[in-house]
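Structure record follows, encoded as structure tokens.
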Amino acid sequence: MFPLFRSSLVAAGFLMLAGQAAAANIPVISYDIPNGSGQANGGSFNYWDKEYTGSGSVTTDGAALSGGVGNLTDGQTTNLNWFASENAAGTGPYVGWLSSVTAKPLLKFNFGSSVKIGSITIHLDDSNNTGGVNPPSGIGISTDGANFDVRTIVDPASGDPFAVTFAGLNLDTDAVWLSLFYDNIWIFIDEVSFAEPESGVPEPGVLSLLGLSLVALARRRRQAP
Ligand SMILES: [Ca+2]
Ligand SMILES: [Ca+2]
Ligand SMILES: [Ca+2]
Numbered sequence: 001m002f003p004l005f006r007s008s009l010v011a012a013g014f015l016m017l018a019g020q021a022a023a024a025n026i027p028v029i030s031y032d033i034p035n036g037s038g039q040a041n042g043g044s045f046n047y048w049d050k051e052y053t054g055s056g057s058v059t060t061d062g063a064a065l066s067g068g069v070g071n072l073t074d075g076q077t078t079n080l081n082w083f084a085s086e087n088a089a090g091t092g093p094y095v096g097w098l099s100s101v102t103a104k105p106l107l108k109f110n111f112g113s114s115v116k117i118g119s120i121t122i123h124l125d126d127s128n129n130t131g132g133v134n135p136p137s138g139i140g141i142s143t144d145g146a147n148f149d150v151r152t153i154v155d156p157a158s159g160d161p162f163a164v165t166f167a168g169l170n171l172d173t174d175a176v177w178l179s180l181f182y183d184n185i186w187i188f189i190d191e192v193s194f195a196e197p198e199s200g201v202p203e204p205g206v207l208s209l210l211g212l213s214l215v216a217l218a219r220r221r222r223q224a225p
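Position 216 (the sequence shown) corresponds to 216 in this note's numbering; numbering is contiguous.
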């Protein structure tokens, strides 16, 4: 074997293993949320879900939005704080809820049919209290909209946006409700994603590739002077 072929085979084996560890994402068919708030309630900009595709007023603070998708599931996140990414037109990447308008933000995500969920990842702004924006102190997770498993969120020392993942879940449901708890007066979220449980058992294809990689490694060692 040519050295290049051997090493790329080894690389391919490890690449497949790395890919196996990441559980598949579960598509969200629609979500129902209160719209974000903004200038009508003293905000510098408008933190609406402006591109939301369902019913409800996307330009009214706190309006009930239902049956569509928008900022929270478009696959886009930003590493910029709210003050560097939001605007008066309300087309920024976040949805920002204000406690005086929406006291208990409740977000419902619909999957269309029953799915198995192993983890939930929420990408949010931190901003270290700038403008009253801080990560939520906690998030409640529910599969019936009534009983919530409340998880606390540790606020990092940094003020950068970050993702929090609740793993090790074993939910079997066609919808998930997330209840947000304010730490300050604003909460900003730009993406929520759901993943299947990790199987923990490598697939046959991965195993055979790993085997080939090990054979290549062994040959390489034998041929070494
Ligand atoms: Ca997004
Ligand atoms: Ca927005
Ligand atoms: Ca922080």
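Beta carbons are placed, not taken as given, at the ideal position from N, Cα and C, and that holds for glycine. Bear in mind that the values here come from a model prediction, so they are computed numbers and not experimental data.
> Under a Cβ-count criterion, where at least 16 other Cβ atoms within 10 Å of its own Cβ denotes burial, should residue 191 be classed as buried or exposed?
Replying inline: buried
>> Measuring only from the beta carbon, is residue 86 closer than 8 Å to any heavy atom that is part of ligand 2?
In response: yes
> What are the partner residues of residue 26, as DSSP defines its beta bridges?
Replying inline: Answer is 194, bridged to residue 26.
> Can you name the start and end residues of the alpha helix (DSSP H) that residue 82 belongs to?
Replying inline: 82-85
>> If contacts are defined as beta-carbon pairs under 8 Å, then residue 97 and residue 186 qualify, I think. What distance do you get, rounded to the angstrom?
In response: 7 Å
> Is any heavy atom in ligand 2 found nearer than 8 Å to the beta carbon of residue 47?
Replying inline: Yes; taking the cut-off as 8 Å, the Cβ of residue 47 has a heavy atom of ligand 2 nearer than that.
>> Considering Cα atoms alone, identify which of 197, 29, 31 and 26 is closest to residue 118.
In response: 197
> Is it buried or exposed for residue 70, if we count other Cβ within 10 angstroms and need 16 for buried?
Replying inline: Residue 70 should be labelled buried.
> Among 30, 61, 28 and 27, which has the Cα closest to the Cα of residue 43?
Replying inline: Ranking the options by Cα distance to residue 43, first place goes to 61.
>> Nearer than 8 Å: is that true of the beta carbon of residue 53 relative to any heavy atom of ligand 1?
In response: no
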